[in-house]
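In this note's numbering, the protein residues as written are 42 to 238.
In what follows, a single structure is set out as structure tokens and then discussed.
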Amino acid sequence: MRKANYELESTLYKLMQVALEQTLKSCDAGVPWVTTKVEGFAELQHASCIVLTVSSFKFKIMCLLHLSMDAANRQFVADALGSPVEELQESEYSDYLLEMSNSFCGNLKRHLQSSCPPLGMSTPNFLDRHCFDGSISVQFAHSVHVRAQMAVGAPSLFAASAMVILKNDGDLTLQHYHEHVSEIDSEADSSGELELF
């Protein structure tokens, strides 16, 4: 059972890492994003997060995009929109972050669907970090976290978490990441092109 949990969490981590990298590169392809695994939720020090869920009849995955709505984050959004930071309206700023979280969750959902269709996805909602400090009574079966930096040693501009809620043990199984990549590659070979999300 321990090996199965390790393999599931390892695959979920890799799928989440790829989904976050795809999202961030679509915002700014010129940034050499560095993503690394984070061992626990407490290590994530961002002030806010955007929450979405991916769910089936048997499980829910709470997806969090962690961020601090500070000057660095605001500059990132302004650059992505091609707008001077001083002209960035609050509604544009928050809308961009919500769309970014939608993109991240959508990318993760697409990767998960090779193992567990059909899946639904919720709409994004902003939450303050303190909402998660000691007040969660939900028991997560699996929990993985990823940090994203614009360069090695730079502060973490974004992070992501996937926390799985199961009705029964074994309700979530994932195709191993290497099998998932092989499947994508063979589909690309047969169609002549690779579709990127």
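Quick reminder that beta carbons are idealized off the backbone N, C-alpha and C, glycines included.
Classification of residue i by the beta-carbon crowding that lies within 10 angstroms, buried from 16 upward
i: Ala112; result: exposed
i: Gln63; result: buried
i: Lys99; result: exposed
i: Asn209; result: exposed
i: Ser132; result: exposed
i: Pro165; result: buried
i: Lys78; result: exposed
i: Ala189; result: buried
i: His171; result: exposed
i: Val193; result: exposed
i: Asn148; result: buried
i: Ala241; result: Residue 241 is absent from the structure shown; the chain starts at 42 and stops at 238.
For residue i, the first and last residue of its enclosing beta strand (DSSP E)
i: Lys101; result: 100-108
i: Asn148; result: No beta strand (DSSP E) holds Asn148; the alpha helix (DSSP H) holding it covers 131-153.
i: Ala189; result: 183-190
i: Val205; result: 197-207
i: Leu160; result: Per DSSP, Leu160 belongs to no beta strand (DSSP E) and is neither H nor E.
i: Asp169; result: 166-169
Cβ separation of residue i and residue j, assumed to be a contact under 8 Å, to the nearest whole Å
i: Val185; j: Glu50; result: 6 Å
i: Ser202; j: Leu65; result: Between Leu65 and Ser202 the Cβ distance is about 15 Å, and since that is not below 8 Å, they are no contact.
i: His107; j: Leu85; result: 5 Å
Residues of its chain near residue i, where Cβ-Cβ distance is below 7 Å and the 5 sequence neighbours each way are ignored
i: Val59; result: His152
i: Ser197; result: Arg188, Ala189, Gln190
Boundaries (first-last residue) of the alpha helix (DSSP H) holding residue i
i: Asp239; result: Since the first residue shown for the chain is 42 and the last is 238, residue 239 is missing from the structure and cannot be characterised.
Proximal residues to residue i (C-beta, below 8 Å), its chain only, five neighbours per side dropped
i: Leu122; result: Leu129, Glu133, Tyr137
i: Pro266; result: Examination of residue 266 is not possible in this model, given that the chain is present from 42 through 238 alone.
- prompt: Which whole runs of the beta strand (DSSP E) in the stretch 44-95 are 3 residues long or more, in chain order?
  reply: 75-79
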